[in-house]
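Undergrad: Residues in the sequence shown are numbered from 1 upward in steps of one, following full-length UniProt numbering.
Heads up, the beta-carbon is just placed ideally off N, CA and C, and yes, glycines get one too.
Attaching a single structure in structure tokens format; questions to follow.
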Amino acid sequence: MKIHYFIRVMKLTIILILIGLVHVNASIYSQTITLNKKNLTIREIASEVKRQTGYVISGSSSIISETRRISVNVVNMPIKPFLDHIFSGQHITYKKEGKNIVLRSAPNIVIDEQPGSQPIQQQVINVSGTVRDSLGNSISGVSVHIVGTKIGTSTSDRGYFSLSNVSQGASLQFKSIGYNDLTLRATENMSVVLSAKLGDIDEVVVNTGYQKIARERATGAVTTVTSDQLDSRFTPNIMDNLEGRVAGLVKYGDRIMIRGTGTLFAESRPLLVVDGLPVEMAYEDLNPYDVESVTILKDAAASAIYGARASNGVIIVTTKKAKDLNKIDIEVSSNTTVWEKKNIDYADNWYMTPAQQVDKENEYFKWLYNEAPNAAAQLSAMDNALKGTGSFGLNPTPIQYAHYQLKKGLIQQDELDSRLAQYRTQNFAKDYADNLLRQRVLQMHNLSVRNRTDNFQSNLVVNYKGDNTGKISDKDHQLNAFYKGTYDMTKWLTINFSVNNIFQRSTQRRGNYVENIMDPFSLPAYYSLFNPDGTQANISPGWTHYYNPYATWVEDNKALRPMHYYLLDEVNLNKHKIERQNTRYHGEFLFKILEGLTFNTQYVYEVNRQSVINNTESDSYVMRLMRNVYTVQNPNGTYRYMLPQTGGRLATEHMQGDYWTARGQVNFSRVIKDIHHIDVLAGVEFRETNSKGNRNLYLGWDDQLQSHSTTNVNYNELWSINNTSFYAPGYPARQFIFTPLIDNAITLNAGGNNLTEVRRRNASGYANMTYTYDRRYNVFGSIRKDFADVYGLATEFRGSPFGSFGASWNLHHESFMSHYKDINLLKLRTSYGYTGNIYQGATSYMTATTGQTNINTGLPRATIESPGNPALSWERTGTINIGAEFMLFDSRLRGVIDWYDKKSEKVFSNQTLEVTKGFSSLVMNMANLKNRGVELTLAYDWFRAKDRNAFSWTTSGTASWNKNEVTRVEIQANSAYQVVNIGYKEGYPVRSLFSYRFAGLTDRGVQSWYAEDGRIIPEVGIQVATPGSVYFTGQADPKYTYAMENQFSWKGISLNLMMVYYGGHHLRANQVQINSLPSASPVRSWYLDAWTPTNTDTNIPGIWQYNNSGGTQPAVQNATDIFVHAADFLKIRNFVLGYDLPRNSLTRIGLNNLRLRFQMNNLPALWKSNKIGIDPETVGIRLPTSYVFGINFNF
């Protein structure tokens, strides 16, 4: 990656930041008003001011209701004198805040005091405090007055108020437009929280990315998670923070699903939208500190506007912006996460302990050389292998070699016993952990600087993430810088712009033949990294081990390199480095054409660059092996070296992606006669993605000189060597050396990571409309048509329409509901519509890869990847949704319930073809799926805090149930093995577990299974049995999920506890794999119960000397029904303890607030349905618990 590119981007970012921070806005008072009307109300005057200047006059209803009508006759009067004129004598003051003129009562004015009256002597106090909304945002312009008097004031732009000489025991009433009135007893220090009033001016809105609409008017299934909720717990990945908060959203393992799985091959993750436009960035790149809200669109009415990318749901992220006027707000957050040490205990990981493995191998090899029917042949085979004649393939374990020596009389029994005793004390996993692992620590630090003036907003956020990964010498660093600004250039034009730059660098000590051993469970448990004298042990493969004379022969041959393997050295000789830069530019112009009519155009451009560098040094095991393999002995006894004899190997991989989306949209919103509310939008959208890359290989690489000798290497000649003839004769050089280390390093489509250029273009047109009558009845409709260049060979498939319809009924606004005072909100809604999905791996055109050279002929070659298929089209998902929302008992009880039915059509799946077609199968629109389910969200405020010192307790929870089914699929399985391998079948869930019926062990300890007709079939014969020989044993995805969260607070102390339950799914446990001989690896602990002539009451087949299997395949063993277990579990996902310091003590040091946090994640499961101790989320040992220490403050 070119560093100067990063510097240029950062320079541009800095310039934009400086522009934002030093910007001096034009004064509001330069604008003028022309008005000649009589007997106007303040509301009528406010409407005219908004029309002429764009500024909004607002204030509490109590303030406005006390104003008198006024006649106005002015021409081009500046707005400040105009405001002074109309409010003269009204007992009202005003303050300009951005585009708002906030009205306030004149402070501490006593209007009705009777002359000559004598005040009653009583104790008085001075009252002060702040008023905020439920999200913690300060509310300005709130009317605060003493009940029973005319004495009052209003809050400042930061929500602050004060009243002097207030009678002790008096009550204060708080009023503001858009919030419920609140009356509290006056105290000296007050922290007041006002709840939003649904249906009023500032009611909660839903952000769909294309528009913002009042939630009361929405007809779709939408869930919004606010920053206040997100801040209650810390997760580096924002998606983890959504767990348990959104009914229907399931994050299980590495899968993210909204309302089940609706595809087989196409993209299954929800579409990500950031600040209004879809982006290609990963969820992991979102800065968790800079998220204002996350909105999840679940049904068609909510998401169909996104058309062909919406079938999996849409996740909309809105970043934070400045709130306080004329103030630079600086916020600092820091969290350090520490994981518990990795559990490397063999027994806990279902392996034999070193002593157990030693005893098991000792028993076997004692039998092999003394009691086995072919004991003499086994001894002879070892003799021949150890003659040192250059034979390749010997790989005995140390215990095998010791027994061979004993049998040959090279050592005595006491020497064997001494070695075995030494092996029992050794522990490779412990050595590995002590020398290569460390406690994992992740740090995230965030700094935000925000500023807001009358017509300009500036937001700078810088985030650093450092992760030591838990491995010595490995590290991962990421810097995320984001700048966002808003400029009200004129009353008719607003400009929004942002730049986000992410720079990441990670370093790992790994490489070929190193990563295979970079695992504490990769070698026998009784191995050690060190010899008894403390030097590093040689743990190379047995055929180059110290006890193999061939290793000595190699070492003595001057033409070859010694093949020892010292793991700690190899870790430092192999480096894997990744550098990545992702830059996103976003711009928007919002034109205010007429009242209620606007036009906005947006553009987002993403640039992604990534470099992967594998540097293998000259002395590494890999380079020594490569040089030896490609050393040839000439007939005259001399040697020819086909690779450079100095330098190492440098393999680079450079990937780049350029993605842009452009949108133009007209918006119209109008309220007619206070009962008809119409919102209409229409627009067009264009999108292009382009990704490509290259690979390069440099042999003889000198990292210091940055030089290489690759030009001297003949790749065709290297490829021609299939098996070696000189070094390790018979060694498969092409398979183990040329393909993975040379060919895959220069071929664009190698290793499952295709770097050939792929360009995709899409175009769309869309529109939607929402109509509300009298705040009671809402009707919604949307239409969108998408075009994509991957389709279109046939005219009828070039464009696909998607649309939706929705309706909702706000019953709480009906007159007949007025008697039910406990019902604050009751809403019924329904919707139906279609969304789509695209599979990028298929196109209606024939595709081929070119640019390579035929290694035999030297001529250019092209490989046809897929034939043309004119019938390909989008996947389509139709969704019916019926839901209800309610708030009861002064909004203490809140809930949402939804029922949905999703049917996916034209789903991409494999279609079996005749071999004469040139392809055995082809991905086509040949399947249908359906998902049906119920979702429930509930919350209840047991206690509400009136101030910081009061006790509050809120319980919230989500529940979801989903039934997934494949209703049509064309691919047909002809055998039991194919059913298991495909994994889905008509009438069953997408990720089904089909299993063989276990029939027990035979009298020889061999596994057997039941065929469809009831016959018992041993060994491999079951694979070719009829498809009915396997049956459905559950699904891999959870069928139902529950989450419950309890939040407590008292005197600044907060406690948050969230539990999750996943159920209705199954897992396949780690399975038996029969080995005929001990291998250079640890041994699974269940082999301790393997069949023997004296241990017949078991399901574990005989191994080693008792292995009578004729070659049962692991695929059959893994899919046996007795190894399927229920995967239900209940866990405490998060436990958070926080403390907010009192504000009055913080003001002395210049802080507004300071919060401390301690958090625990992934505590041991409270309950698991399986009885074998497996964690269902890992199908192994449990997730490690992590501990978070955090601090947040601003000033």
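How should H145 be labelled, buried or exposed, when 16 other C-beta atoms within 10 angstroms of its C-beta is the threshold for buried?
TA: Residue numbering aside, residue 145 sits at position 145 when the sequence shown is read from its first letter. Flag for H145 reads buried.
Undergrad: Could you check which residue in L184, V225, R944 has the C-alpha nearest to that of T937?
TA: Here the question's residue 937 lines up with position 937 in the sequence shown. Closest by alpha carbon: V225.
Undergrad: Nearest-angstrom Cα distance between F998 and A355?
TA: By one-based count along the sequence shown, residue 998 stands at place 998. By one-based count along the sequence shown, residue 355 stands at place 355. Approximately 32 angstroms between the Cα atoms of the pair.
Undergrad: So, at 6 angstroms on beta carbons, what are the nonlocal neighbours of V612 in its own chain, with the 5 sequence-adjacent residues on each side left out?
TA: In the sequence shown, counting from the first residue as 1, residue 612 sits at position 612. Cβ neighbours of V612 beyond the five flanking positions: I578, E653.
Undergrad: With DSSP as the reference, identify every bridge partner of E280, one or two as the case may be.
TA: Stepping through the sequence shown from its first residue, residue 280 is reached at position 280. Paired residue(s): none; E280 is not in a bridge.
Undergrad: Apart from the five residues on each side of it in sequence, which residues of its chain come closer than 6 angstroms, Cβ to Cβ, to E267?
TA: For the purposes of this step, residue 267 is taken as the residue at position 267 of the sequence shown. Contacts found: none.
Undergrad: What are the uninterrupted segments assigned as beta strand (DSSP E) that are 3 or more residues long and contained completely in the region 1030 to 1090, given in chain order?
TA: Correct list: 1030 to 1035, 1040 to 1050, 1053 to 1063, 1066 to 1068.
Undergrad: Could you give the C-beta distance for N636 and L386, rounded to a whole number, given that I count them as a contact under 8 angstroms?
TA: Residue mapping note: residue 636 aligns to position 636 of the sequence shown, counting from 1. Residue mapping note: residue 386 aligns to position 386 of the sequence shown, counting from 1. Between L386 and N636 the Cβ distance is about 30 angstroms, and since that is not below 8 angstroms, they are no contact.
Undergrad: On the criterion of 16 or more Cβ atoms from any shown chain inside 10 Å, does Q645 qualify as buried, or is it exposed?
TA: Taking the first residue of the sequence shown as 1, we reach residue 645 at position 645. Looking at its Cβ environment, which holds fewer than 16 other Cβ atoms inside 10 Å, Q645 is exposed.
Undergrad: Thinking C-alpha only, which one of L420, F234, M817, V790 is nearest R776?
TA: Here the question's residue 776 lines up with position 776 in the sequence shown. Checking every option, the nearest Cα to that of R776 belongs to M817.
Undergrad: If you draw a straight line from the alpha carbon of S1079 to that of D474, how long is it in whole angstroms?
TA: What you label residue 1079 is simply residue 1079 of the sequence shown in a count that begins at 1. What you label residue 474 is simply residue 474 of the sequence shown in a count that begins at 1. Using only the alpha carbons, I get a separation of about 30 angstroms.
Undergrad: So who's on the other strand from I1100, going by DSSP bridges?
TA: As a first step, residue 1100 is located in the sequence shown; it is residue number 1100 there, counting from the start. Per DSSP, none; premise fails for I1100.
Undergrad: Pairs of beta-carbons, one from the region 1142 to 1157 and one from the region 299 to 306, closer than 8 angstroms: are there three or more?
TA: No contact exists between the region 1142 to 1157 and the region 299 to 306.
Undergrad: Count the other CB atoms, across all protein chains shown, that sit within 10 Å of the CB of F908; report buried if there are 16 or more and exposed otherwise.
TA: Taking the first residue of the sequence shown as position 1, residue 908 is located at position 908. That one is buried.
Undergrad: Check this for me: beta carbons of T770 and I316, under 8 angstroms apart or not?
TA: The sequence position of residue 770 within the sequence shown is 770, counting from 1. The sequence position of residue 316 within the sequence shown is 316, counting from 1. No.
Undergrad: Buried or exposed for R43, going by 16 or more other Cβ atoms inside 10 Å?
TA: Here residue 43 is taken as the residue at index 43 of the sequence shown, counted from 1. It is exposed - the Cβ of R43 has fewer than 16 other Cβ atoms within 10 Å.
Undergrad: Who pairs with R932 in a beta bridge, going by DSSP?
TA: As a first step, residue 932 is located in the sequence shown; it is residue number 932 there, counting from the start. Answer is D901, K963, bridged to R932.
Undergrad: Going by other Cβ atoms of all chains shown within 10 Å of its Cβ, with 16 needed for buried, is V131 buried or exposed?
TA: Within the sequence shown, the letter at position 131 stands for residue 131. It counts as buried.
Undergrad: For M626, name the three-state secondary structure that DSSP assigns.
TA: Position 626 of the sequence shown, counting from 1, holds the residue named residue 626. Three-state DSSP puts M626 in a helix.
Undergrad: Put H85 into one of helix, strand or coil per three-state DSSP.
TA: Against the sequence shown, residue 85 aligns to sequence position 85. The answer is helix: DSSP assigns H85 an H, G or I state.
Undergrad: By a C-beta neighbour count over all protein chains shown, 10 Å radius and 16 as the cutoff for buried, is P1176 buried or exposed?
TA: Translated into positions along the sequence shown, residue 1176 becomes position 1176. Answer is buried; the Cβ neighbour count reaches 16.
Undergrad: For the 8 angstroms Cβ check, are there 3 or more pairs between the region 551 to 558 and the region 367 to 387?
TA: Contact fails: fewer than three Cβ-Cβ distances are below 8 angstroms.
Undergrad: Which one of S960, F428, Y603 has the shortest CA to CA distance from P278?
TA: Your numbering for residue 278 matches position 278 in the sequence shown. Closest option to P278, Cα to Cα, is Y603.
Undergrad: Can you say whether I1149 is buried or exposed, counting buried as having 16 or more other CB atoms within 10 angstroms of its CB?
TA: For the purposes of this step, residue 1149 is taken as residue 1149 along the sequence shown, with counting starting at 1. By the neighbour-count rule (16 or more Cβ atoms within 10 Å), I1149 is not buried but exposed.
Undergrad: So, for S960: in the same chain, excluding its five sequence neighbours on each side, which residues have a beta-carbon less than 6 angstroms away from its beta-carbon?
TA: Working through the sequence shown from its first residue, we reach residue 960 at position 960. Around S960: A247, G248, E935, T1041.
Undergrad: What does the alpha-carbon distance come out to for the pair E688 and M281?
TA: Start at 1 with the first residue of the sequence shown, and residue 688 comes out as number 688. Start at 1 with the first residue of the sequence shown, and residue 281 comes out as number 281. Straight-line Cα distance between these residues: approximately 14 angstroms.
Undergrad: Nearest CA to the CA of D743: which residue from L597, E570, N696?
TA: For the purposes of this step, residue 743 is identified with residue 743 of the sequence shown, where counting begins at 1. Out of L597, E570, N696, N696 has the C-alpha closest to the C-alpha of D743.
Undergrad: Taking three-plus beta-carbon pairs below 8 angstroms as touching, is the region 971 to 987 in contact with the region 1026 to 1039?
TA: In short, these stretches touch, since the Cβ pair count reaches three.
Undergrad: For A347, which three-state DSSP category applies?
TA: Here residue 347 refers to the residue found at position 347 of the sequence shown. It is coil, neither helix nor strand.
Undergrad: Quick one: what does DSSP say D329 is sitting in, helix, strand or coil?
TA: In the sequence shown, residue 329 corresponds to position 329, counting from 1. Reduced to three states, the DSSP call for D329 is strand.
Undergrad: Determine the DSSP secondary structure at H708, reduced to helix, strand or coil.
TA: Locating residue 708 in the sequence shown gives position 708, where the first residue counts as 1. Coil at H708, not helix or strand.
Undergrad: Can you check whether the CB of D789 is closer than 8 angstroms to the CB of G799?
TA: Within the sequence shown, the letter at position 799 stands for residue 799. Within the sequence shown, the letter at position 789 stands for residue 789. Against a cut-off of 8 angstroms, the Cβ pair of D789 and G799 comes out as no contact.
Undergrad: Does S725 pass the burial test, meaning 16 or more other C-beta atoms within 10 Å, or should it be called exposed?
TA: As a position in the sequence shown, residue 725 is number 725, starting the count at 1. Counting Cβ neighbours within 10 Å, S725 comes out exposed, since fewer than 16 surround it.
Undergrad: Can you look up A682 in the DSSP assignment and give me helix, strand or coil?
TA: For the purposes of this step, residue 682 is taken as residue 682 along the sequence shown, with counting starting at 1. Three-state DSSP puts A682 in a strand.
Undergrad: Within 10 angstroms of the Cβ of G806, are there 16 or more other Cβ atoms? Answer buried if so, exposed if not.
TA: In the sequence shown, the residue the question calls residue 806 occupies position 806. The residue in question, G806, is buried, as its Cβ has 16 or more Cβ neighbours within 10 Å.
Undergrad: With burial defined as no fewer than 16 other Cβ atoms inside 10 Å of the residue's Cβ, what is the status of V684: buried or exposed?
TA: Counted from its first residue, the sequence shown places residue 684 at position 684. With fewer than 16 Cβ atoms within 10 Å of its Cβ, V684 is classed as exposed.
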